[in-house]
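Asks: Before we start, here is the structure in question, set down as structure tokens.
Protein chains: 2
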Amino acid sequence: MQIYNRQQIAKQVKLDQAALETVEAGFAALGRGEVEMPPILSMNIAESNGEVDVKTAHIRGWPRFAIKISPGFFDNPKLGLPSLNGLMLLFSAKTGLVEAVLFDEGYLTDIRTALAGAIAAKHLSRTDARSVAVIGAGLQAELQVAALRLVRDIREVHVHARDRTKAEAYATHMRAYHGLPVTVHNSAASACTKADIVVTTTPAREPVLRWSDLPKGVHVTAMGSDNPHKNELEPAILANADVVVVDRLSQSRALGELHHAPALQREVSELGTLIAEGRILRSSAEQISVCDLTGTGVQDTAIANYAARLLEGA
Amino acid sequence: MQIYNRQQIAKQVKLDQAALETVEAGFAALGRGEVEMPPILSMNIAESNGEVDVKTAHIRGWPRFAIKISPGFFDNPKLGLPSLNGLMLLFSAKTGLVEAVLFDEGYLTDIRTALAGAIAAKHLSRTDARSVAVIGAGLQAELQVAALRLVRDIREVHVHARDRTKAEAYATHMRAYHGLPVTVHNSAASACTKADIVVTTTPAREPVLRWSDLPKGVHVTAMGSDNPHKNELEPAILANADVVVVDRLSQSRALGELHHAPALQREVSELGTLIAEGRILRSSAEQISVCDLTGTGVQDTAIANYAARLLEGA
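Chains as they are written, first to last, in our numbering: chain A, 13 to 326; chain B, 13 to 326.
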């Protein structure tokens, strides 16, 4: 059994084409019905303002499955500790023996989450998409844009965040580390004016994006919501968009954007199905597409298999 | 973060009164509504005849919670490996950080499972119980009897197992290691004739114990069933017994003995409630009581906290 720390893992696993293809293969297997993926195990620790989620999946034919444990303890910053944490255990799918423990502290989750955004944009956004609007200014605001560059020729970024200081810091960082021009906006509407792709990356409990904010032809990825209280999109977006896709229907209904649109009557597809069947849902440059990502165990198993291969080869 | 292996853990954690009190305290907290215990996460790996279960619970006020991962890969013996395996991770209930990894290979599960049987007998069997009948001849057939000695003055054991050779080996082992007289029987009915306590410890998919097998005044603990296909007790036992108790109603209905008696209309109590409220359900020496144990996350969190304290003190 091998044990790896975050530093070792981060040295090997990057936001690159090979990682993207691995996660995309996981989604495709899910779409072909080749993935066993039980519901998320979730527990609250109310006295410490904490929660822990456990996700897993097995992709038929893959040598290992991951079990990911993600604690979130939101009073940790008062103690000088990060809120989010976590590790992945990798088990042999033949014997059930533990083969590796990846003490990644959430690093692989950050990577596979950003890659899912890129995969959504690859299959849903216009191929000539150049301009990205990002709502939120945290780590995923950076990683989602970095991952999008793997699938689209991104030339400019527009950012809006509730905290203008954080948005300014984000802009400075993105210019310095990613060489991208970034404009800070005072509203989501303003940030979206010329966007080809919009990514919402917030823990918002009330919509941060409205239907009226969206220009024609845009693709929206909402990646922030992962529990029933979180909600980034005005339900009208889900009702009016030409194409609505989610990573997993059961999860989006339970803890994603569909949870806040219970009366929605329309076709909603799963991302894995589109990939598996090679379907292109966008049929014109004017259509508006939306993808809600809640985060799935199949992404964890895919990225953990990939990480272990690289770490063992290193 | 500390990592402990099976040998280190087994050296510290034994079937003794202190361990029993810890698990009993966990059940009592569950009975008082002080435990957060989500449903078990369960995944099949059909291509390898495998499954993996994840259990967890947090006991309010306790410093740590455990997440237990139990793979069962039933073709492993062909490869010279044990079918069952597993580990427990202990997290700080204040910060969510991993504090210990207990690579116990299922040892702590064996212990807490046996202790639950003893706790059930402590609260449900006659105080003068002396004779135990055991159905099955595996590891739990041994540990359940050993644990019962913590709460009752056990003087003799009667065993029945489908495989007579295993039952004979069990008898030899119990005489040698536990100094108990053991009689091997050709049927469950025969083994139960003079029993004060009956424990079923099998992975049976059809009842191994019938109502007509039970003498007056007996207490029955069924600890084998932990998935919807398993079933040790004829439903008539649940219908006719004077007292029926389970470790967790939701689990017994989903994957324990109650699953096979869906039409049952009677009072069924949870073990933790009895302990928390100090209730004694047995009101005469003739009554027949039954307890179905499916195995709960609160036992895991209790025994893992206990193990970590001992290991840190060692």
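Built from N, CA and C at the ideal position, the CB exists for glycine as well.
Every value quoted in this text rests on a predicted model; they were computed, and no experiment measured them.
Using 7 angstroms as the limit for Cβ to Cβ distance, is B/Glu48 near chain A?
Replies: Within the second sequence, numbered from 1, the residue matching residue 48 of chain B stands at position 36. Yes, because at least one Cβ of chain A sits closer than 7 angstroms to the Cβ of B/Glu48.
Asks: For A/His170, does the three-state DSSP call read helix, strand or coil?
Replies: Taking the first sequence and counting its residues from 1, one reaches residue 170 of chain A at position 158. DSSP places A/His170 in strand when its eight states are reduced to three.
Asks: Give, in chain order, every unbroken run of the beta strand (DSSP E) that is at least 3 residues long and sits entirely within the stretch 37-83 of chain B.
Replies: Here the runs fully enclosed are 53-57, 62-71.
Asks: Check the C-beta distance from A/Leu32 over to A/Leu127 and give it rounded, since I have them as a contact under 8 angstroms.
Replies: By 1-based counting over the first sequence, the position of residue 32 of chain A is 20. By 1-based counting over the first sequence, the position of residue 127 of chain A is 115. Going by Cβ atoms, the distance from A/Leu32 to A/Leu127 rounds to 5 angstroms, so yes, they are a contact pair.
Asks: Where does the unbroken alpha helix (DSSP H) through B/Asp122 begin, and where does it stop?
Replies: By 1-based counting over the second sequence, the position of residue 122 of chain B is 110. Unbroken alpha helix (DSSP H) run through B/Asp122: 119-136.
Asks: Looking only at its chain, what residues have a beta carbon closer than 8 angstroms to the beta carbon of A/Val25, apart from the 5 residues adjacent to it on each side?
Replies: Locating residue 25 of chain A in the first sequence gives position 13, where the first residue counts as 1. Excluding residues within five positions, the ones whose Cβ falls inside 8 angstroms are Ala31, Tyr119, Leu120, Ile123, Ile315, Tyr318, Ala319, Leu322.
Asks: With a threshold of 7 angstroms between beta-carbons, can A/Ser262 be considered close to chain B, or not?
Replies: To locate residue 262 of chain A, count along the first sequence from 1; it is residue 250. It does not: the Cβ of A/Ser262 has no partner Cβ on chain B nearer than 7 angstroms.
Asks: Give the straight-line distance between the Cα atoms of A/Ile57 and A/Gly98, rounded to the nearest whole angstrom.
Replies: Along the first sequence, read from residue 1 onward, the residue named residue 57 of chain A stands at position 45. Along the first sequence, read from residue 1 onward, the residue named residue 98 of chain A stands at position 86. Between A/Ile57 and A/Gly98, the C-alpha separation is close to 16 angstroms.
Asks: I need the straight-line Cα distance from A/Gln8 to A/Ala200, nearest angstrom please.
Replies: The structure shown does not extend to residue 8 of chain A, since chain A is modelled only from 13 to 326, so the question has no answer here.
Asks: Using DSSP bridges, identify the partner residues of B/Thr195.
Replies: Start at 1 with the first residue of the second sequence, and residue 195 of chain B comes out as number 183. Answer is B/His170, bridged to B/Thr195.
Asks: Based on the DSSP secondary-structure assignment, which residues constitute the bridge partners of A/Asn17?
Replies: Start at 1 with the first residue of the first sequence, and residue 17 of chain A comes out as number 5. According to DSSP, A/Asn17 bridges with A/Phe115.
Asks: When you check each C-beta in the stretch 228-252 of chain B against every C-beta of chain A, which residues fall closer than 8 angstroms?
Replies: Listed in sequence order: no entries.
Asks: Whose CA, out of B/Thr68, B/His172, B/His135, B/Thr125, lies closest to the CA of B/Ala158?
Replies: Position 146 of the second sequence, counted from the start, is the residue given in the question as residue 158 of chain B. B/Ala158 has its Cα closest to that of B/Thr125, out of B/Thr68, B/His172, B/His135, B/Thr125.
Asks: Determine the contact status of A/Val310 and A/Met49, defining contact as a CB-CB distance below 7 angstroms.
Replies: For this step, residue 310 of chain A is matched to residue 298 along the first sequence. For this step, residue 49 of chain A is matched to residue 37 along the first sequence. Yes, these two residues count as a Cβ contact at 7 angstroms.
Asks: Nearest-angstrom Cα distance between B/Thr212 and B/Met55?
Replies: For the purposes of this step, residue 212 of chain B is identified with residue 200 of the second sequence, where counting begins at 1. For the purposes of this step, residue 55 of chain B is identified with residue 43 of the second sequence, where counting begins at 1. Approximately 26 angstroms, taken between the alpha carbons.
Asks: May I have the straight-line CA-CA distance separating A/Thr139 from A/Ala181, to the nearest angstrom?
Replies: The residue given as residue 139 of chain A occupies position 127 in the first sequence. The residue given as residue 181 of chain A occupies position 169 in the first sequence. Taking the straight line from one Cα to the other gives about 30 angstroms.
Asks: Under a three-way DSSP split, which group does B/Asp175 fall into?
Replies: As a first step, residue 175 of chain B must be located in the second sequence, where it is residue number 163. Correct three-state label for B/Asp175: coil.
Asks: Chain B partners of A/Arg72, CB-CB under 7 angstroms?
Replies: Taking the first residue of the first sequence as 1, we reach residue 72 of chain A at position 60. Simply Glu59.
Asks: So, with DSSP's three-state summary, where would you put B/His241?
Replies: Stepping through the second sequence from its first residue, residue 241 of chain B is reached at position 229. B/His241: coil per DSSP, three-state reduction.
Asks: With A/Leu322 as the anchor, note down where its alpha helix (DSSP H) starts and where it stops.
Replies: Within the first sequence, numbered from 1, the residue matching residue 322 of chain A stands at position 310. That run of the alpha helix (DSSP H) goes 309-325.
Asks: Distance check for A/Trp223 and B/Val113, CA to CA, integer angstroms please.
Replies: If you number the second sequence from 1, residue 113 of chain B lands on position 101. If you number the first sequence from 1, residue 223 of chain A lands on position 211. Taking the straight line from one Cα to the other gives about 48 angstroms.
Asks: With DSSP as the reference, label A/Glu154 as helix, strand or coil.
Replies: Taking the first residue of the first sequence as position 1, residue 154 of chain A is located at position 142. In the structure shown, A/Glu154 sits in a helix (DSSP, three-state: H, G or I).
Asks: How is B/Thr306 classed by DSSP in three states: helix, strand or coil?
Replies: Indexing the second sequence from 1 puts residue 306 of chain B at position 294. B/Thr306: coil per DSSP, three-state reduction.
Asks: Name the residues in the stretch 183-198 of chain B whose C-beta lies less than 9 angstroms from a C-beta of chain A; which are they?
Replies: Residues: none.
Asks: Tell me the DSSP secondary structure of B/Met186 in three-state form.
Replies: Counting from one through the second sequence, the residue named residue 186 of chain B turns up at place 174. In the structure shown, B/Met186 sits in a helix (DSSP, three-state: H, G or I).
Asks: Could you check the C-alpha separation between B/Arg265 and B/Ala288 for me, to the nearest Å?
Replies: Within the second sequence, numbered from 1, the residue matching residue 265 of chain B stands at position 253. Within the second sequence, numbered from 1, the residue matching residue 288 of chain B stands at position 276. Approximately 22 angstroms between the Cα atoms of the pair.
Asks: Give the list of continuous beta strand (DSSP E) stretches no shorter than 3 residues that lie fully inside the stretch 214-292 of chain A.
Replies: As far as the stretch 214-292 of chain A is concerned, its whole beta strand (DSSP E) runs of at least 3 residues are 231-234, 255-258.
Asks: Whose Cβ in chain A lies nearer than 7 angstroms to the Cβ of B/Val258?
Replies: Counted from its first residue, the second sequence places residue 258 of chain B at position 246. Going along chain A, no residue has its Cβ under 7 angstroms from B/Val258, so there is no contact; the nearest lies around 21 angstroms.
Asks: If we cut at 7 angstroms on Cβ distances, does A/Gly108 have a partner in chain B?
Replies: Along the first sequence, one-based indexing puts residue 108 of chain A at 96. Chain B contact via Cβ: present.
Asks: Check whether chain A comes within 7 angstroms of B/Asn17, counting only Cβ atoms and requiring the distance to be less than that.
Replies: Taking the first residue of the second sequence as position 1, residue 17 of chain B is located at position 5. Output row for B/Asn17: interface = no.
Asks: Listed from N- to C-terminal order along the chain, which residues in the stretch 76-95 of chain B have their beta-carbon within a distance smaller than 8 angstroms of any beta-carbon of chain A?
Replies: For the stretch 76-95 of chain B, which is checked against every Cβ of chain A, the residues closer than 8 angstroms are Phe77, Ile79, Ile81, Pro83, Gly84, Phe85, Asn88, Leu91, Leu93.
Asks: What number of angstroms, rounded off, separates the C-alpha of A/Asn17 from the C-alpha of A/Asp116?
Replies: Here the question's residue 17 of chain A lines up with position 5 in the first sequence. Here the question's residue 116 of chain A lines up with position 104 in the first sequence. Each residue's Cα considered, the two are about 6 angstroms apart.
Asks: Is there a Cβ of chain B sitting closer than 7 angstroms to that of A/Asn317, yes or no?
Replies: Here the question's residue 317 of chain A lines up with position 305 in the first sequence. Closer than 7 angstroms: no.
Asks: Establish whether the CB of A/Gly62 and some CB of chain B are separated by less than 7 angstroms.
Replies: Taking the first residue of the first sequence as position 1, residue 62 of chain A is located at position 50. It does: the Cβ of A/Gly62 has a partner Cβ on chain B nearer than 7 angstroms.
Asks: Quick one: grab the DSSP three-state call for A/Leu109.
Replies: Along the first sequence, read from residue 1 onward, the residue named residue 109 of chain A stands at position 97. Coil at A/Leu109, not helix or strand.
Asks: Identify the contact partners of B/Met100 in chain A, using a Cβ-Cβ distance below 9 angstroms as the criterion.
Replies: Taking the second sequence and counting its residues from 1, the one referred to as residue 100 of chain B is at position 88. Ordered by position in chain A, no residue passes the 9 angstroms Cβ test against B/Met100, which lies about 12 angstroms from the chain.
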